[in-house]
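Peer 1:
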Amino acid sequence: MRANLTLFQRLVPGARRAPTYDFPGGVHPAEHKSVSNQTPIAPGPRPAQLVLPLNMHLGAPARPIVTVGDRVLKGQMLAEPAGAVSAALHAPTSGTVVALGPRPIQHPSGMDALCIVLEPDGEDRWAERRPVADHTRLGPGKLIALLRDAGVAGLGGAGFPTSVKVNLGDHQRVEQLIINAVECEPYITADDRLMRERADEIVLGIQILQYLLNPHDTLIGIEDNKPDAIAALRAACADSDVEIRVVPTKYPSGGEKQLIQLLTGKEVPSGSIPAQCGVVCQNVGTAWAVKRAVHDGEPLLSRVTTVTGDAVARPGNYEVWLGTPVADLLRHAGVDKDRLGRLVMGGPMMGFTLHDPSVPVVKTSNCIIAASAEELPEPPPEQACIRCGACAEVCPANLLPQQLYWYAKTDDFERAQHHNLMDCIECGACAYVCPSHIPLVQYYRYAKGEIRTQTAEQIKADRARERFEARQARLEREQAEKEARRRARLEANRKKQEAATESGAGDEKLAALKKEVGQASSAYKAAVKAAKTAEAQEADNAAELRARADSLKAEADRAKAALRDAKATAPAPAAAPAESSALADLKKAVGEASSAYKAAVKAAKHAEAEETDDAAELRARADQLKAEADRLKAELRDAKAAQGPAAPPAAPAPSTQDSGTSPEKPADTPSVANTAVDEQAAGKRQKRLKGLKTAYNMAHKQYKEAHAAVERAERAGQDSDEALAAMHAKVEKLKAKADHCRDALDALVEQAKADILAHTGKDLKTLKLDAARAESALRDKADELERRRDTSDADTLETLNSELDALQEHAQLTRLALKTAVEEQGLVEE
Amino acid sequence: MSLINAPSPHTSRHTDTGAVMRQVVYATLPGLAALVWQFGLGSLLNVLWAVLVALVCEALFLRARGKPVAFYLKDWSAVVTAVLLGLALPPTAPWWLTLIGVGFAIVVAKQLYGGLGMNPFNPAMIGYVLLLISFPVAMTQWIAPGDAPAPADSLALFLGQAPADAFTGATPLDTFRTWAGDAEALAGRDILAGELAGPGWEAVNLAFLLGGLYLLARRIITWQIPVAFLAGLALPALIAHQVDAARFAGPLFHLFSGGAMLGAFFIATDPVSAATSRLGRFIYALLIGLLIWVIRTFGGYPDAVAFAVLLLNLSAPFIDYYTQPRAYGHRKANKGANP
Ligand code: SF4
Ligand code: SF4
Numbered sequence: 006m007r008a009n010l011t012l013f014q015r016l017v018p019g020a021r022r023a024p025t026y027d028f029p030g031g032v033h034p035a036e037h038k039s040v041s042n043q044t045p046i047a048p049g050p051r052p053a054q055l056v057l058p059l060n061m062h063l064g065a066p067a068r069p070i071v072t073v074g075d076r077v078l079k080g081q082m083l084a085e086p087a088g089a090v091s092a093a094l095h096a097p098t099s100g101t102v103v104a105l106g107p108r109p110i111q112h113p114s115g116m117d118a119l120c121i122v123l124e125p126d127g128e129d130r131w132a133e134r135r136p137v138a139d140h141t142r143l144g145p146g147k148l149i150a151l152l153r154d155a156g157v158a159g160l161g162g163a164g165f166p167t168s169v170k171v172n173l174g175d176h177q178r179v180e181q182l183i184i185n186a187v188e189c190e191p192y193i194t195a196d197d198r199l200m201r202e203r204a205d206e207i208v209l210g211i212q213i214l215q216y217l218l219n220p221h222d223t224l225i226g227i228e229d230n231k232p233d234a235i236a237a238l239r240a241a242c243a244d245s246d247v248e249i250r251v252v253p254t255k256y257p258s259g260g261e262k263q264l265i266q267l268l269t270g271k272e273v274p275s276g277s278i279p280a281q282c283g284v285v286c287q288n289v290g291t292a293w294a295v296k297r298a299v300h301d302g303e304p305l306l307s308r309v310t311t312v313t314g315d316a317v318a319r320p321g322n323y324e325v326w327l328g329t330p331v332a333d334l335l336r337h338a339g340v341d342k343d344r345l346g347r348l349v350m351g352g353p354m355m356g357f358t359l360h361d362p363s364v365p366v367v368k369t370s371n372c373i374i375a376a377s378a379e380e381l382p383e384p385p386p387e388q389a390c391i392r393c394g395a396c397a398e399v400c401p402a403n404l405l406p407q408q409l410y411w412y413a414k415t416d417d418f419e420r421a422q423h424h425n426l427m428d429c430i431e432c433g434a435c436a437y438v439c440p441s442h443i444p445l446v447q448y449y450r451y452a453k454g455e456i457r458t459q460t461a462e463q464i465k466a467d468r469a470r471e472r473f474e475a476r477q478a479r480l481e482r483e484q485a486e487k488e489a490r491r492r493a494r495l496e497a498n499r500k501k502q503e504a505a506t507e508s509g510a511g512d513e514k515l516a517a518l519k520k521e522v523g524q525a526s527s528a529y530k531a532a533v534k535a536a537k538t539a540e541a542q543e544a545d546n547a548a549e550l551r552a553r554a555d556s557l558k559a560e561a562d563r564a565k566a567a568l569r570d571a572k573a574t575a576p577a578p579a580a581a582p583a584e585s586s587a588l589a590d591l592k593k594a595v596g597e598a599s600s601a602y603k604a605a606v607k608a609a610k611h612a613e614a615e616e617t618d619d620a621a622e623l624r625a626r627a628d629q630l631k632a633e634a635d636r637l638k639a640e641l642r643d644a645k646a647a648q649g650p651a652a653p654p655a656a657p658a659p660s661t662q663d664s665g666t667s668p669e670k671p672a673d674t675p676s677v678a679n680t681a682v683d684e685q686a687a688g689k690r691q692k693r694l695k696g697l698k699t700a701y702n703m704a705h706k707q708y709k710e711a712h713a714a715v716e717r718a719e720r721a722g723q724d725s726d727e728a729l730a731a732m733h734a735k736v737e738k739l740k741a742k743a744d745h746c747r748d749a750l751d752a753l754v755e756q757a758k759a760d761i762l763a764h765t766g767k768d769l770k771t772l773k774l775d776a777a778r779a780e781s782a783l784r785d786k787a788d789e790l791e792r793r794r795d796t797s798d799a800d801t802l803e804t805l806n807s808e809l810d811a812l813q814e815h816a817q818l819t820r821l822a823l824k825t826a827v828e829e830q831g832l833v834e835e
Numbered sequence: 083m084s085l086i087n088a089p090s091p092h093t094s095r096h097t098d099t100g101a102v103m104r105q106v107v108y109a110t111l112p113g114l115a116a117l118v119w120q121f122g123l124g125s126l127l128n129v130l131w132a133v134l135v136a137l138v139c140e141a142l143f144l145r146a147r148g149k150p151v152a153f154y155l156k157d158w159s160a161v162v163t164a165v166l167l168g169l170a171l172p173p174t175a176p177w178w179l180t181l182i183g184v185g186f187a188i189v190v191a192k193q194l195y196g197g198l199g200m201n202p203f204n205p206a207m208i209g210y211v212l213l214l215i216s217f218p219v220a221m222t223q224w225i226a227p228g229d230a231p232a233p234a235d236s237l238a239l240f241l242g243q244a245p246a247d248a249f250t251g252a253t254p255l256d257t258f259r260t261w262a263g264d265a266e267a268l269a270g271r272d273i274l275a276g277e278l279a280g281p282g283w284e285a286v287n288l289a290f291l292l293g294g295l296y297l298l299a300r301r302i303i304t305w306q307i308p309v310a311f312l313a314g315l316a317l318p319a320l321i322a323h324q325v326d327a328a329r330f331a332g333p334l335f336h337l338f339s340g341g342a343m344l345g346a347f348f349i350a351t352d353p354v355s356a357a358t359s360r361l362g363r364f365i366y367a368l369l370i371g372l373l374i375w376v377i378r379t380f381g382g383y384p385d386a387v388a389f390a391v392l393l394l395n396l397s398a399p400f401i402d403y404y405t406q407p408r409a410y411g412h413r414k415a416n417k418g419a420n421p
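Protein chains in written order, with my numbering: chain L, 6 to 835; chain R, 83 to 421.
1. Do L805(L) and ligand 1 come close, with the Cβ less than 7 Å from some heavy atom?
2. Which residue marks the beginning of the alpha helix (DSSP H) containing S216(R), and which one marks its end?
3. Taking C-beta pairs closer than 8 Å, name the residues in chain R that F357(L) reaches, listed in chain order.
4. Roughly how many angstroms separate the alpha carbons of A65(L) and P205(R), rounded to a whole number?
5. Anyone know if the C-beta pair for P136(L) and H300(L) falls short of 8 Å?
6. Using 10 angstroms around the beta-carbon of M116(L), count the other beta-carbons present and answer buried if the total reaches 16, otherwise exposed.
7. Using a 10 Å radius around the Cβ and a threshold of 16 neighbouring Cβ atoms, would you call P172(R) buried or exposed?
8. Between the C-alpha atoms of A316(R) and W224(R), what's the straight-line distance to the nearest angstrom?
9. Just to check my reading of the structure: Y708(L) and A743(L) have Cβ atoms closer than 8 Å, yes? What is that Cβ distance to the nearest angstrom?
10. What do you reckon, are the CB atoms on P202(R) and G394(L) nearer than 8 Å?
11. By the three-class DSSP mapping on this structure, what secondary structure does L312(R) have?
12. Is the beta carbon of A88(R) within less than 7 Å of some heavy atom of ligand 2?
13. At a cut-off of 7 Å, is I225(R) close to ligand 1 when judged by its beta-carbon and the heavy atoms of the ligand?
14. What is the rounded straight-line gap between the Cα of E383(L) and the Cα of A152(R)?
15. Answer with yes or no whether the minimum CB distance from Q459(L) to chain R is below 8 Å.
16. What residue from E228(L), H337(L) and H733(L) has the CA that sits closest to A53(L)'s CA?
17. Hey, which residues come within less than 7 Å of ligand 2, measuring from Cβ to any heavy atom, in chain order?
18. Find the nearest neighbour of G164(L) within the set Q459(L), L305(L), R468(L) and A378(L), judged by alpha-carbon distance.
19. Give me the Cα-Cα distance between A158(L) and A478(L), rounded to the nearest whole angstrom.
20. Is I393(L) near ligand 1 - that is, is its Cβ less than 7 Å away from at least one heavy atom of it?
21. Name, in chain order, the residues that DSSP records as bridge partners for A104(L).
22. The alpha helix (DSSP H) that contains E85(L), what's its start and end?
23. For R363(R), is the classification buried or exposed, using 16 other Cβ atoms within 10 angstroms of its Cβ as the cut-off for buried?
24. Look at the alpha carbon of V309(L) and the alpha carbon of W326(L), and state the distance between them as a whole number of angstroms.
25. How long is the line joining the alpha carbons of P576(L) and R494(L), rounded to whole angstroms?
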């Protein structure tokens, strides 16, 4: 973006006209503004019924606080803001609420929306108003709440609640406050008239916005086709620091992003909002509504709407009560129903055609075009795109509309996105110039909708994949470590058997260790109990939990001490190295248990600090501790097994170790025979698996809920930064916990797999592969047989048949082997 | 009342593809006039006949493909293809030559690819190259400048009843190719007697330049393609000419002989088969110009617009791949057609 300085500015450096910039593309449609801007703003109709949609603004629909039959006064709140991004709704006049239900509104999908229907009593009696003469006395917080309760929302574009837009938080520095007075769409003159007639009020509103946002500069952007409005604003701004920047007439210079580029040269980075580059945009009409809400105590009850087009006799601008049915407004302006061919709400470039004139005027309805069929004729049929590039020449976002069209048409959303479809502002400039009359914007809307649905799913999938990959890497690492440890242990055992020494002392020691472990596990149980209690009673059980944790620590210490003892009394020097290495392993296990304990303590502390639902978390920790204790037990069993073949329950373990410690020894036929599996161990593992799975599921659910809560809070933007940070921390913690559980689970599965490897001489993957290969060989053979059935002689067919049989048998065997292996190890379902 | 239900925008610039194409046809008229003036009625007969053939072929094929014939004929694209090919053919071309070329261009190069907007190659140039390869003799004969046959002779030529070689002579491009390097021989021939690039051809090219400027003024085409095309042709010519004036013709000679201006303003600008973005189109046309100079200077054919354009049509997707514009709010332009 290059500053486009006039000669004057270059020659006179001090000239007080800031540089204006330009944006690419743009079009110059016929303006048709003089149709409606010749007369002052006139009062709107007094319809028999007002239909007030609860979702006039962007964000959550307001929540009704009146019921059918209530009599309400003008300005009385009918529905309160629900959630952070929301705005209130008020009675535009006094009357009776006669209905509360779905009514057709202006929506591209033609859907109905919940509306409050008000029957005016004709008295127009005001509720009590509370004007605030000096907004600075109120302070920003109360001022923002006032705007929210006054239902002020953007009157220019999407109807974003103003209270949210001006509530940026302290860390957000606003460099420019831009007041959008461009009104670049043809036909519309509502802002033009408003500025001519109420410039002073607008400037007061701007000052309130300045107070709230504290911008470095305040700029009003206005197109040079409104000289009267410019003059009025100039007069009103004479002694303020508001700067009026006149921009050349070009559509869509009133687009938020384009106006920012025009006035500041900045581009709002793709996918972010203007505030992120230090700019806040507000419509002039909104500034006016802000003034009314604050200084006059009048909530947003009406708006200035342009009624124009050659099917109305009295085109002009009307101050219309919100909720006024368009049909009433049209009648008021003298519509000729026979001439009416196309009814547009909004401007001709971006507005929507109305299918039903009973829809109400809402906060964002800046214009109604009642055009005859000659004025805005039926679009000619779509022709082939000749790639003339006219669309690309005018695209303000610098896209390639012809490519986007092509990709949207062929449902190639990936490429459409790669060509930045999501940066399209749907301004319609491309379709305006397209000589082939292609309704390009419609294609883009369609593609965007599809992409939004897809990306929502994609994000989910991506997260899952990332997690999966990270876990995979970790598992591989852990597997390698475990493998190394195992090998060390095997080595030790072998040496030990060679030494063939007495086992009495060892037995005793092991028994002692076992006891320790038992104690640790009972400590775990106590912790579970504590957690349960905490859950039941909520809050202040944290102290109790902490005590439990302390006792767990004592347990762990004792276990450690016992181990130390065992080491100290290690007998026969020949066995010493083996012994010590096995002990080292156990020691490590104990170390892990103690670190788990530490985590539990920490959790307890957090629970103290944060109160509430942390009990569940503590419980998960306890689960982990249980897993640790179990591990310890398993280690112990291994160690015992290593003591000699005499140890009964560990029978299968030595059998693998005896088979030459070479699991890669190929077994030509799948080994189904090896049934010497510790069924007890398998059952236990199955149980553990189940327990861990539940723990993980719970943790994951909690994490997800917390995450969603944070997202909601962030979107709402109500909570303080500290609160958000705390929530984030909590999410992180929960996530870590879930990950931990899952890892434990995975480790267990891996362990089971490793055991399969040990038992069958093949790992699970090989088994699976074998099965798959056998299946596909079988299929191929069957196919071949099928193909050659008619062409080959009996002999060949015979051979083929027998081959097929053999393959069938093989496939069955491999399948069986896989199944047995999986079942044996308690993996059950994969 | 039944209201129109239509997506935004609700208004348009009121141009249509047919109107755009018609403008292109109008813009060729000065060039056509110059051709007739210099080389007799042959070109006019070619063009009229080509248009007729094109419309018939297009209509037949549209009907065969089950499309509304009148609606598609209104886009005038077949007429443009026919006019451009008719202008490119030698004025001595007999009727059947045109028939084959135009028929092939419309049927194979356009309709079989799916009609307007779907053809990767410029149909007129496909037709031209087909003829050039199949009938090299008929396609490389041109009437000597200033030696325009009488209307009756042109008609006889068109009907295939007069031997073409009775009227033909070497074009300046041919002559230069034959005598390149021999400064004396070159000087002795009056091919360079014109102000810019030899008699006859410079008038034709000036006329096409005029038509091209009209298209630019009407914003039917943008400046990137013609400017880059001419620059790509003139720059290497300028450099080479500086090095060895006897072997290499100067830039003006290149710019105003053969099909340079027709190519730059009317043929390379065919949007369907060109690159997409502004930068892409610039590069695309620059390479066409360069290629023309290379083929004219070192290749076996006297002129090269058709080959160069087709080759670059082929490369257009590749150029697009690297020349996406930088979209609003993005720090860098995306590269490539795929994520
Ligand atoms: S303006 Fe229309 S016809 Fe031209 S390239 Fe764009 S989409 Fe295609
Ligand atoms: S509608 Fe989208 S693609 Fe078309 S000109 Fe506007 S921003 Fe560009």
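The C-beta atom is built at its ideal place from N, Cα and C for all residues, glycine as well.
Peer 2: For this structure:
1. For L805(L), the distance from the CB to the nearest heavy atom of ligand 1 is not below 7 Å.
2. P205 to S216
3. S90
4. 56 Å
5. yes
6. Label assigned to M116(L): exposed.
7. buried
8. 24 Å
9. 5 Å
10. No, Cβ-Cβ distance for P202(R) and G394(L) is not below 8 Å.
11. Here DSSP, grouped into helix, strand and coil, assigns L312(R) to helix.
12. no
13. no
14. Rounded to the nearest whole angstrom, the C-alpha separation of E383(L) and A152(R) is 20 Å.
15. no
16. H337(L)
17. G30(L), C396(L), V399(L), C400(L), P401(L), A402(L), L404(L), P406(L), L409(L), C429(L), I430(L), E431(L), C432(L), G433(L), A434(L), C435(L), A436(L), L445(L), V446(L) and Y449(L)
18. Proximity to G164(L) across Q459(L), L305(L), R468(L) and A378(L) peaks at L305(L), based on C-alpha coordinates.
19. 50 Å
20. The question names Ile, but residue 393(L) in the sequence shown is Cys. Yes, Cβ of C393(L) sits closer than 7 Å to a heavy atom of ligand 1.
21. V122(L)
22. It is not in any alpha helix (DSSP H) - E85(L) instead sits in the beta strand (DSSP E) that spans M82 to E85.
23. buried
24. 9 Å
25. Caution applies to P576(L), whose pLDDT of 49 falls short of 50 and renders its modelled position unreliable; the model cannot decide the point.
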